[in-house]
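Residue numbers (full-length UniProt numbering), protein chains in the order written: chain F, 1 to 334; chain S, 1 to 334.
Using N, Cα and C, we set each Cβ at its ideal position, and we do this for glycine too.
No experiment lies behind these values; they were computed from the predicted model shown.
Each remark here refers to the structure printed beneath this line.
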DNA sequence: AATTATTAATAAAACGTTTTAGTAAGTAAA
DNA sequence: TTTACTTACTAAAACGTTTTATTAATAATT
């Protein structure tokens, strides 16, 4: 019933708790425990199926081998895919992930940080939202490794990994222009984070560089958590009333709403109307016609995050904040 | 730097650790601590931002307020959506979720169970795979609440929550037959779990009840983790060489592969060829034509799981295993 | 006046580890 | 023959809580 403790093993082997602990932790050699004892204890451990209590271990050592992952919403495919990759890579290095979704709520994000803190996670991977700068700063002051990803907070100096949103957006618009598009719309959200504003900046710069005047009416900013029906209606209005010949959607779910919008009105994607989505989605490959998309290099982002975390964990000194910007890829379809 | 402990609070308030602990845990009244002391201590706690160390707490009390969630793959939308719902509902009741993906590997699943065990999670929610029956039985023997979902293990008596796969499948095939379909195919996977075999049984029974003979050539069993390209090729072969006039895909990712397969060959979904997918997906609503799908009641499943877990957690005695089968819904499109 | 209850608090044990600081016995060096 | 090292092992403290048992003072009851 009750699970075995190190003491039970010690009694069975007729040695001290200390000795068992040394053996468990691979310090037997270093602490000059005899071969005979090592073997005996290891045998007993294997036979009994004893597993050290990680909680007691954490309490004593102060670390948990757990990394906290805070994202916006695990049911969004961008996050679930990256979570899966991070989980995988962390697992291979002996770390577990606890994740939780903020749902874009500052309060929930703060609560999550507190809960991770009181569970003594070893490091934090956060896709942040505005309003938690102070909490993040406190984590760093306390000496915790913290890596932001996807979104960066400008007012705070943290390590960050993300795609080159500005350039990806710039290239997409350039691509439209090269195809001869004149009235290029952008459908984005009204969230004030770098990752989103960069997409707008890329859009503006590409127009400017090609001598096309920026027209505010062609930029639709969707309220970040409104009902999808309203979003669809707004997009329909944008696309019906203007001579729009190309659209960049700043997120994949906006693009999905956009495609739903198009289904209901008389506007077909084709030679005289082009669409690109930011962040790929299974539906785009399947859509008729197939939808072009900007792919963020998920694998590379996850790998970089884990490497940076492990670096910080293994270095005693606090490392300087490091920003890694990874190019995104424009995948043209049909 | 170093975080505050209950001792720091006790010293500051000039009371004992015990007193502080009673106050933190809402036992002040019951233990007849005076109003004055309660106020003083609470003020100090609020001002200092002290948060109890959950690890120490867990070590002492033996529970963690954490529920372990073991699923196949968090990047699969069925699981990520259900994970999100479970997380949400658990959170509202004061529980946190740690999830991890098994990737359909027995070894990884066993490891995960061990890791949850050594972290003393309070309960387990598992979408199981064959081969871990013993480990699950051990969890239950140790008195842990365990709920299986999505898939059930026949050889073991556990609480289970899942959709009525047999009937959903049966209804779908009936629907095809009512439309006059004669050569109805099933594309499924070669995994031997109840949830998948029930879909096959529903298919067979519906044919039988309508006097259509079961034809093995119309059932394609895909190897569960093969390359998608091969899957697509196999589906194409099935659909090209037979006079197939309807297909039920037993999972949403098989349906997606199927739609990709159809894109490449000369077979259009329409009056003389119908398709239904098991488990809905964003892409289906968007596809031209829109794809009919069987929707599992995610919300209801998640809610039932959490209720059952909380029930088991709050009851001292071990409750008998309970199976809840929830009807699924066939959503016909276009 | 002596006993019993109540109130308001606390000391100390326990949870299961890791790790520091030993000890005791044998070996090598002086 | 001391002195110093090495080998093989262990006792006990510490991590930060919760909880049981206890105390001391005051109030209520006989």
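Reduced DSSP category for residue i - H, G, I as helix; E, B as strand; rest coil
i: residue 96 (chain F); result: strand
i: residue 321 (chain F); result: coil
i: residue 295 (chain S); result: strand
i: residue 71 (chain F); result: strand
i: residue 21 (chain F); result: helix
i: residue 270 (chain S); result: strand
i: residue 173 (chain F); result: helix
i: residue 237 (chain F); result: helix
i: residue 149 (chain S); result: strand
i: residue 347 (chain F); result: Nothing in the structure corresponds to residue 347 (chain F), since chain F is present only between 1 and 334.
i: residue 29 (chain F); result: coil
i: residue 162 (chain S); result: strand
i: residue 332 (chain S); result: coil
i: residue 244 (chain S); result: coil
i: residue 251 (chain F); result: coil
i: residue 82 (chain S); result: helix
i: residue 189 (chain S); result: strand
i: residue 326 (chain S); result: strand
i: residue 301 (chain F); result: helix
i: residue 130 (chain F); result: coil
i: residue 9 (chain S); result: helix
is_contact[residue i, chain S] using C-beta, thresh 8 Å
i: residue 21 (chain F); result: no
i: residue 271 (chain F); result: no
i: residue 52 (chain F); result: yes
i: residue 183 (chain F); result: no
i: residue 101 (chain F); result: yes
i: residue 280 (chain F); result: no
i: residue 316 (chain F); result: no
i: residue 92 (chain F); result: no
i: residue 225 (chain F); result: no
i: residue 4 (chain F); result: no
i: residue 266 (chain F); result: no
i: residue 74 (chain F); result: yes
Close Cβ partners of residue i (< 6 Å) along its chain, the five nearest in sequence each way excluded
i: residue 206 (chain F); result: 170, 173 and 174
i: residue 214 (chain S); result: 204 and 207
i: residue 255 (chain S); result: 249 and 277
i: residue 261 (chain S); result: 232, 235 and 236
i: residue 69 (chain F); result: 97, 99 and 125
i: residue 202 (chain S); result: 166, 169 and 170
i: residue 222 (chain F); result: 189 and 231
Supposed close pair residue i, residue j - CB separation, criterion 8 Å
i: residue 331 (chain S); j: residue 295 (chain S); result: 5 Å
i: residue 83 (chain F); j: residue 99 (chain F); result: 6 Å
i: residue 135 (chain S); j: residue 113 (chain S); result: 5 Å
i: residue 304 (chain F); j: residue 326 (chain F); result: 7 Å
i: residue 67 (chain F); j: residue 309 (chain F); result: 6 Å
i: residue 218 (chain F); j: residue 244 (chain F); result: 7 Å
Proximal residues to residue i (C-beta, below 7 Å), its chain only, five neighbours per side dropped
i: residue 44 (chain F); result: 9, 12 and 13
i: residue 77 (chain S); result: 281
i: residue 74 (chain S); result: 80, 83, 99 and 101
i: residue 89 (chain F); result: 302, 303 and 306
Below-8 Å beta-carbon distance, residue i vs any chain F residue
i: residue 117 (chain S); result: yes
i: residue 87 (chain S); result: yes
i: residue 341 (chain S); result: Outside the shown range of chain S, which is 1 to 334, sits residue 341 (chain S), and nothing can be said about it.
i: residue 292 (chain S); result: no
i: residue 288 (chain S); result: yes
i: residue 56 (chain S); result: yes
i: residue 105 (chain S); result: no
i: residue 83 (chain S); result: yes
i: residue 215 (chain S); result: no
i: residue 256 (chain S); result: yes
i: residue 260 (chain S); result: yes
i: residue 25 (chain S); result: no
i: residue 120 (chain S); result: yes
i: residue 80 (chain S); result: yes
Proximal residues to residue i (C-beta, below 8 Å), its chain only, five neighbours per side dropped
i: residue 267 (chain S); result: 239, 240 and 273
i: residue 333 (chain F); result: 284, 285, 289, 290, 291, 292 and 293
i: residue 42 (chain F); result: 23
i: residue 94 (chain S); result: 65
i: residue 164 (chain S); result: 325, 326, 327 and 328
Any non-hydrogen atom of the ligand NAD closer than 7 Å to residue i Cβ
i: residue 79 (chain F); result: Judged by which ligands are present, the structure shown has none, so any question about the ligand NAD falls away.
Curious, which full-length beta strand (DSSP E) runs of at least 3 residues does the segment 98-125 of chain S contain?
-> None, since the segment 98-125 of chain S contains no complete beta strand (DSSP E) of that length.
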